[in-house]
Structures are given as structure tokens and as C-alpha cells.
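So the protein lines, in turn, are chains A, B, C and D. For any residue, its number in our numbering is found by taking its place in the first sequence, counting from 1, and adding 24. For any residue, its number in our numbering is found by taking its place in the second sequence, counting from 1, and adding 24. For any residue, its number in our numbering is found by taking its place in the third sequence, counting from 1, and adding 206. For any residue, its number in our numbering is found by taking its place in the fourth sequence, counting from 1, and adding 206. Right, one structure below, let's go through it.
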Amino acid sequence: MIDKTIETLAEAVSLIKDGAVILVSGFGESGNPTELTHALIDHGPRELTLVNNNAGNGHVGLAALLEAGLVSKMICSYPRSSHSEVFNTMYREGRIELEVVPQGTLAERIRAAGAGIGGFYTRTTIGTSLAEGKERRIYRGEEFVLEDPLHADFALVKADLADRWGNLTYRMAARNFGPIMCTAANTTIVQARKIVDLGDIPPEQVVTPGIYVDRVVEVTNPISEREMIAKDIRYIGGEGP
Amino acid sequence: MIDKTIETLAEAVSLIKDGAVILVSGFGESGNPTELTHALIDHGPRELTLVNNNAGNGHVGLAALLEAGLVSKMICSYPRSSHSEVFNTMYREGRIELEVVPQGTLAERIRAAGAGIGGFYTRTTIGTSLAEGKERRIYRGEEFVLEDPLHADFALVKADLADRWGNLTYRMAARNFGPIMCTAANTTIVQARKIVDLGDIPPEQVVTPGIYVDRVVEVTNPISEREMIAKDIRYIGGEGP
Amino acid sequence: MTEILSREQVAWRLAQDIGDGSYVNLGIGMPEIVANYIPDGREIVFHSENGILGMGPEPAAIEIEYDLINAGKKPVTILPGGAFFHHADSFGMIRGGHIDICVLGAFQVSAKGDLANWSTGGPDAVPSVGGAMDLALGAQRVLVMTDHNTKNGDFKIVEECTYPPTGLGVVGTVCTDIAVIDISADGPVVREKVSGLSFDDLQSRTGARLLGVESCGELKVPVLD
Amino acid sequence: MTEILSREQVAWRLAQDIGDGSYVNLGIGMPEIVANYIPDGREIVFHSENGILGMGPEPAAIEIEYDLINAGKKPVTILPGGAFFHHADSFGMIRGGHIDICVLGAFQVSAKGDLANWSTGGPDAVPSVGGAMDLALGAQRVLVMTDHNTKNGDFKIVEECTYPPTGLGVVGTVCTDIAVIDISADGPVVREKVSGLSFDDLQSRTGARLLGVESCGELKVPVLD
Chain A
25 MIDKTIETLA EAVSLIKDGA VILVSGFGES GNPTELTHAL IDHGPRELTL VNNNAGNGHV
85 GLAALLEAGL VSKMICSYPR SSHSEVFNTM YREGRIELEV VPQGTLAERI RAAGAGIGGF
145 YTRTTIGTSL AEGKERRIYR GEEFVLEDPL HADFALVKAD LADRWGNLTY RMAARNFGPI
205 MCTAANTTIV QARKIVDLGD IPPEQVVTPG IYVDRVVEVT NPISEREMIA KDIRYIGGEG
265 P
Chain B
25 MIDKTIETLA EAVSLIKDGA VILVSGFGES GNPTELTHAL IDHGPRELTL VNNNAGNGHV
85 GLAALLEAGL VSKMICSYPR SSHSEVFNTM YREGRIELEV VPQGTLAERI RAAGAGIGGF
145 YTRTTIGTSL AEGKERRIYR GEEFVLEDPL HADFALVKAD LADRWGNLTY RMAARNFGPI
205 MCTAANTTIV QARKIVDLGD IPPEQVVTPG IYVDRVVEVT NPISEREMIA KDIRYIGGEG
265 P
Chain C
207 MTEILSREQV AWRLAQDIGD GSYVNLGIGM PEIVANYIPD GREIVFHSEN GILGMGPEPA
267 AIEIEYDLIN AGKKPVTILP GGAFFHHADS FGMIRGGHID ICVLGAFQVS AKGDLANWST
327 GGPDAVPSVG GAMDLALGAQ RVLVMTDHNT KNGDFKIVEE CTYPPTGLGV VGTVCTDIAV
387 IDISADGPVV REKVSGLSFD DLQSRTGARL LGVESCGELK VPVLD
Chain D
207 MTEILSREQV AWRLAQDIGD GSYVNLGIGM PEIVANYIPD GREIVFHSEN GILGMGPEPA
267 AIEIEYDLIN AGKKPVTILP GGAFFHHADS FGMIRGGHID ICVLGAFQVS AKGDLANWST
327 GGPDAVPSVG GAMDLALGAQ RVLVMTDHNT KNGDFKIVEE CTYPPTGLGV VGTVCTDIAV
387 IDISADGPVV REKVSGLSFD DLQSRTGARL LGVESCGELK VPVLD
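Below is the structure:
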């Protein structure tokens, strides 16, 4: 019998070790696995490499993980934002490494890793500093650069519905990086708003098939990072928020 | 106002000219746009290149298009089947060119064309005759071959629901090549079982967003190629079947 | 006296160039207000990089959904006919040339249509590219919406970009607060300029040699609130 | 007297090696019957190349859906927890190494695990590869289900394949009608052979040098209808 559901957030992230490369879903403040991220802070592995579109906001979720000193490298497309002071400070002080990847290339590199693609050519970055040192190809008269797949040890993903096989749906635009991140990690850990019975998600409406998911934990009322940031709430570890 | 719906099958395929490269959805006898294919026979462009997983069965749909002498080249993964006598005969007699592409590479080449990818690396075909003459790459100690995107002038696709913006859903495993083919053609022509009001397809359940679709024609009770083959019915053009 | 367009008027003018049925991505910031000035009767499908087609306007406060934000992280709505999809699909749509029009801001646009809009190259800046390069290269047509000059009076339309480029030869048209300029194979061609501004005056405010002295028309916009 | 396994018994034996919770693709033809012999209590998710996970058995005639067929084009069903997806996603799943086990037929398997199962290389054959190469390379473990020898008595397990290869070094285990043979780094190791068959007899029916004379056990299967 297949049952990927896990009782606690702590158990869900317990396998993550020092030095792990971790994909974290979300875009801005939508689709972030905030509870899993906080559980990861409590678990406390160090020297992590994180992959996310951004680099955390306020003092919660990803930003709290950075602030806890657990992250040595960020791979993202857009670290700078109106609330990214934690990352900005660490970056300026040389306390964190940054790899900036254009958003579409970031998404495609993650997808490529999940789909067994050993590199792909894109026109994105041609003529810019971000193409420096990259292999080129001319195809039909246009120049492309070679990009590598982006594999990870773990993915932390927020979903809406899940079942015990790990099938997932996502809510509105909170889908963003979730489905591709699930495919690209050795171990995919999901927090879902609701765990439903097998068969409750119609097979045409499954967005992430369970084959890509290893662990699912139910978080019924996920906290809103946006509200926490607006209220300047900090995640301090242990009991909350 | 955007209204991609077209009244007749004949009008839907009227732009297709001699020498066109056409993606045709379907796998075996599921998801084939049989009515569009028959309308194309009546329209009669010549020297076509067709892309499909297979090469037609019996004397209907794709096989009838071949039999009508309109096709000069097939790109497919598996032309041979228990009912592929039309293709087999033409191939043995040297009347049709064949490019055999492994099924996963065929799908990925189509997807690459739709997604602006200028080539990708796959391990599939390494060590086989199908890799001969292809560029190689070693990535993380493994050998990959370079494959090109597969662009087309037209796609003929069968869907289940559609709306006037061209949003589509597919029924069960009839989805197969439809969603990727819609993305890879300059002009995508769809036959849908039912045209519904805008908004009737929930935004999380849209499989092909309308941006990829140019023309939609309603075919309420699509014929079953499987039944036609079983009854040895031939498509003879003009009025039917 | 030279009339200078407000941001809303630049957005209005740019919106006139967006044809019925277009698929359009509006860049973060100033370009977003273009959505408010689409002429009546034109149905436009707005795309957002984070996986939305058919994006609608900002919701009333009570209807805000934080799972439904645009690429600028602001709450939006979804119209009937809209769709959600994941990030690889969203950027496949962009990179694959399916977006008809993208409206972007700019630090600089060159005479050849090179765009610089992602970095000023300063040593202290946190480099942040987002989807700018994908959009600049992928959209069928890139429309730039910008003030004609910087606050210091520096040129933004230049012979060669001095800021790091986002993409080369990608810009189709620049709509500024004083002119509409198409980037042709021969260089920038003035299509329209505001009344009271001579071609020479416009040239003096522009860092690249302008064409179209014979053919250019008047840039007329309504009074907007 | 040497016992020779029926196809159903080979399928049964192979099914014993498929662990609870495995994601499994069964090749077209003979491998499909493996699904009938999964031990009670094991939940297996079957994948079909045409975009199905959670594929169930053949339906009753009255419930046949021609939009729900497997890769062999036969009508199937979908179980609770199943999912449909498009072809690029389906082969991303295969190529990306997400399928635990793939069961394939074979013309030949070499001592190094090379597989030949897509073409006999005949000049008259219509070349048809389908998903064989993707599956052979992509699945975590390839199990081959085959008769030990051809109808003419020729070797199918050989030092080097003479038929065109599908993939190199891909085969994990071969289940035949007389033996279970694992492909190790050193070559084929007999895990089990049928009672009444000596190791020398098995070697004489095999075109590659076999290992495991000391350790191999008996291949025991139940009587099946």
C-alpha cells in the first residue's frame, strides 16, 4: 500500500542534511511552503543551496531561513524586492553566494532536470553579460546558449489538494514553480491544504501526478507570508508562529 | 472580440497549402482528428509532411490521407501496426519518405518547438543506429545526443471541450500529443466535441490555453476510427462518412 | 509651448497600438497601467509570467486573493476564459513567440533596438533579472514605455546602450512623454511628436539620430484624470 | 525431466520481483500479463506511455472507452488515484528516471546488458521504434521477459547482440522460461533455474558465459491456469 502522508512537519523535513540543494516553490508570496520552511529552520541543516524565484521577504519563510544562517547559496531570478532586506544585507556583506538565472531559463532548467534532458539551447541572455562563457549554437540562423539542467536533493512545495499517492492540485496562480520542482528533486516534500481520499481528484485534473511526490503533510490553514510581512512578524523558531 | 470558432470543417482547413508540414494529434485510435483529416482530403493539398505517432490504420483518417496520394513524408515513431497496410505498401514501393523518431524524442522535439527551445540533449538513441551523425555532449559522465525542435505549419488536433478563446480540455488518454502539438504549429486547427461558453472551463482545468489555438470547429459526435477499421469502412471523400 | 504627456497619457497612446485579440504581457510597474486604456470593443488577453492568461484588473479589497497575484506581486483577478499554468509552460509561451506584444520600461533603448532595462551595472546593486530577458527576446513585438529623458535630462534613446543590455535588436516602438518612435532597420523613425515640439528640439533631446522628419505626425492624446 | 515455464508462469515469477509501491511500465505484448500476477497486498502504479498513471485492467466489453487505451492500443481502465497527462510529460517521466521498473520483451540480451528488441534489421522491415529506446534508457530497472531460446533454438542471451541495439547496458534481470538471470558488472549471474536443469544444460542453451553456479537456487512457480 502506498501512503505518502506524514503526520508532522518535523518528520517531513527530517531527512534534509547539511549541504543539500533544495528547490522551494512560490513566487512572491504565493505558493510558498512557509510551514515546511519553518520546520526546516527548526531541523537546522547548514550550508544549504536554495532555489526559488526570489530570495525571501520580511523575516518569515525563506528570509527566516537565510536569517538563521543556514543558507550558503541562493539560485534565483529576482532577489531584490521591497521586502528583501535580509538577503540584501547578507549579499552586500558577502555572507551568501548568488547565482542569478533569468526566470524562464530557471524554470526550464528545473523542468529539464525532471525530464532527463541533459541541457537545452535558449536565445535568452544572448548579447548580455549572463551569456558569457556559455556554449553557443546557431540554429536556423539564430544564436542560442546552452543551459544545464538544475537537479536538487529536495523540493519543498505547497499544494492545494493531495491524496495518499501524492497526486496534487494547486490553487490559482500559486501553481507557479510547484509542478516542475516536484519533478526535479530526489525527494519531494509537499504541504497540502487538504488531504483527500484517493480518487477524489479526477484524473484529468491532477496537475502533479503522485510519482513525483515522496511525502505529503497536511497544513489546513497555511499562514500568509504577506500578512506576516505586513505585520512585521518574525519567525523565531520552535513554537511559532 | 476574440472568436476562434469556425462553422465548417472545410473552412477550418482551407488555409492548408501544398508542401505544408502538419502535426496530427492522436495515438493509435484515440485522439485522432478524423473529421478534420477527411476535410483535408477533400481540400486536397499535395506533397504534405505529416507528423503523428503512427502512420494511419485501415482506410480512414491518416491512412486515407496517405492513400489519396497527398503525403510525401511521414515523421513518426511507430508506423507499423496490425492495420497499417496503406503505409506499409507505400513505404515498400518507395512512394513515401519515412523519418522514424523515438516516441519520447518526437514528443520532446514538438514541445521544444512550441517553447522556443533551439535543441536539447537526450540519452535516448545513444548506442543505436538512430544516433548516427548526431552531435554529442557528455554531461555528468553520461553521453547525450542533440535533437532539434520540430516546427510545423499546421496542427490538426482533437479536443473535448473548447471555448471561443480556444481554451481546450481533452478526454482521458485522448490527450496524448494534442497539448504539445497545439504549441508547435504556426496555425492550430482544432475539432472539439463541444464548444462551451467562455468561463465554463475552470481556469485550473484548462489544459491547452487558447493562445495556442487559431481555429475551432465543433464535431459533436466524432466518428470512431476503431469502429470504421473494424467494419473496413473506407473514406472516399466528399460526402462521407 | 511643448505639451508633455502624463504617464497615463503615454499609457493611453501605447494602448491604441494594441490590436483587438492581442496576447499582451505588461511589464512590472509603469506598463501595468496600459491595461486601463485599452479602447472599447477590443478584447485583449493579458499574460502574467507567474502562469496566468486572461488576467483581469485589481480586485476590490474584500476580494483579494493572495494566490492570485501578477508578476509585480500585486493582487489581480482572472476573467472568464482565463487559465493557470506552471512556470515552465508560462515561459515556453514567452520564449516560443506566442505573446504578441510585451510592454516594458527602459533605462536605455539604442538606435538598433537594443534594450537596457534590468541593471544599471552599479557595483552595489543586487543583480535581479527576473523575466526581462525572456520577454524582450520572446515577444513578437516589444513596446517600450518611458520618459524621453532621465530626471537629470540624460538621453534614454541612444546610439549604443551604456547600461548592460537585456536583449539586442528587440525593441519595436518607443512611446515617450513627447514622441512615438519606431525602430526601423535604418534606425529610429519618429512616427508622432507632441505639438509645439520641433523635430530639431526632439533631436536635441535624443541621443541617436532620428529619421522621419518628413513623415511624422502629431502625438495627440485626450485629457485624462 | 526439465520443467519449462508457461508465459503465465514467467509473468508470475517476474511479478514477484516488483515491490510494493513501484511505478511500473509494462511493454506491449507478453509483458502486459505481468499485471495479472502481482502478489496480494502490493499496490503497484502502472504507467502507460500515452499519458496514464494508475492504469487498471481491461474493462468489460460494455465499459470499453476508446479514449482510454494503453500503449498497445488495447482498452484499459483507470484506478482511483490515476492521472492523465500529455506525451511530453509522459516521456519526461520515463526519461527523467521516475519509472522504477520497466518490463520489456527482447530479441537478444547481451552479457553486458545490452538490449535488442526493436528491429531485426531486416531490409524489408518497416522501422518502428516507438517508446522502446526511451523506456530502456529511462527506467530505473529494466526486467526482460522472454523465452530462453528462439523457436529455432537460437540463443537470445548472447555475448554481443547481432540485432540492432535498443540501449546499451540497460538490462537488470532476464526472466525466461527456464531461468532468472541478473546482469552484473561481471556478466550474467544465474539466480534461479528450473528443477531438472543442470547448470551445464543451462549454459549450453545460453550464448554468453554464465556465472552463479555455486549460488543459484531453484526457479519455483505455482501451477497456473
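The beta carbon of each residue, even a glycine, is placed where N, CA and C say it ideally should be.
CA-to-CA distance, residue j to residue i, given in whole angstroms
i	j	result
D/Ser390	B/Thr149	23 Å
D/Gly359	D/Cys381	17 Å
D/Phe313	D/Ala277	20 Å
B/Pro233	D/Pro237	37 Å
B/Pro265	D/Lys280	In this prediction, B/Pro265 has a pLDDT of 46, which is less than 50 and means its spatial position is unreliable; nothing more can be read from the coordinates.
C/Pro245	C/Gln215	13 Å
D/Ile284	B/Arg160	39 Å
C/Lys357	C/Ile270	35 Å
A/Ser38	A/Gln127	30 Å
B/Ala87	C/Gly287	36 Å
A/Gly93	B/Trp189	49 Å
D/Pro394	A/Arg147	47 Å
A/Glu228	A/Tyr102	33 Å
Where the alpha helix (DSSP H) through residue i begins and ends
i	result
A/Leu64	58 to 67
A/Leu185	Where A/Leu185 is concerned, there is no enclosing alpha helix (DSSP H), although the beta strand (DSSP E) it sits in stretches over 176 to 186.
C/His253	No alpha helix (DSSP H) holds C/His253; the beta strand (DSSP E) holding it covers 251 to 254.
B/Ile26	No alpha helix (DSSP H) holds B/Ile26; DSSP gives it neither H nor E.
C/Ile300	293 to 301
D/Arg219	213 to 222
D/Glu238	Counting along the chain, D/Glu238 falls outside any alpha helix (DSSP H), and DSSP gives it neither H nor E.
D/Gln314	That residue, D/Gln314, is in no alpha helix (DSSP H); its beta strand (DSSP E) goes 314 to 316.
B/Ile134	127 to 138
Integer Cβ distance of residue i from residue j, believed to fall under 8 Å
i	j	result
A/Ile219	A/Arg135	Between A/Arg135 and A/Ile219 the Cβ distance is about 26 Å, and since that is not below 8 Å, they are no contact.
B/Thr212	B/Ala179	4 Å
D/Phe290	B/Arg199	5 Å
C/Ser401	C/Glu420	Not quite, the Cβ-Cβ distance comes to about 17 Å (not below 8 Å), so this is no contact.
B/Gly143	B/Leu174	At roughly 11 Å, the Cβ-Cβ gap does not stay under 8 Å, so B/Gly143 and B/Leu174 are not in contact.
Contact set between residue i and chain C, taken where Cβ atoms lie within less than 7 Å
i	result
A/Ala198	Asp273
A/Arg195	Asp273
C-beta atoms of residue i and residue j nearer than 8 Å
i	j	result
A/Thr61	A/Val75	no
C/Lys362	C/Ala385	no
B/Ser96	B/Leu72	yes
C/Leu487	C/Val376	The shown model of chain C, from 207 to 431, leaves out residue 487 of chain C, and the question about it has no answer.
C/Gly344	C/Gly235	no
C/Ala221	C/Val240	yes
A/Met98	A/Ile120	yes
heavy atom of the ligand FMN below 7 Å from residue i C-beta
i	result
B/Leu47	For the structure depicted, the ligand FMN is absent and the ligand set is empty, with no information on it obtainable.
Host beta strand (DSSP E) of residue i (start-end)
i	result
B/Ile46	45 to 48
D/Pro286	283 to 290
D/Ala385	385 to 390
B/Gln215	209 to 219
C/Arg231	The residue you asked about is not Arg; residue 231 of chain C is Asn in the sequence shown. Run containing C/Asn231: 229 to 232, per the beta strand (DSSP E) assignment.
A/Val169	166 to 171
Partner residues on chain A for residue i, Cβ-Cβ distance less than 7 Å
i	result
B/Arg217	Within chain A, no residue comes near B/Arg217; the closest Cβ sits about 14 Å away, beyond 7 Å.
D/Pro286	Leu222, Gly223
C/Val332	Pro103, Arg104, Asn112, Tyr115
Proximal residues of chain B, C-beta to C-beta of residue i below 7 Å
i	result
C/Phe291	Pro233
Closer than 9 Å at the beta carbon, the chain C residues around residue i
i	result
B/Ile284	Here chain B has residues from 25 to 265 only, and residue 284 of chain B is not among them.
Residues that residue i contacts on chain A, provided the C-beta gap is smaller than 8 Å
i	result
B/Tyr145	Ile141, Gly142, Gly143, Phe144
D/Val251	Ile26, Trp189, Gly234, Ile235
Residues that residue i contacts on chain C, provided the C-beta gap is smaller than 8 Å
i	result
A/Leu154	Val335, Met339
Amino acids of chain D, ordered along the chain, whose beta-carbon sits closer than 9 Å to that of residue i
i	result
A/Glu228	Ala289, Phe290
### Query
In the stretch 357 to 384 of chain C, which residues sit with their C-beta less than 7 Å from some C-beta in chain G, listed in chain order?
Checking the listed chains, one finds no chain G in this structure; the protein chains it contains are A, B, C and D.
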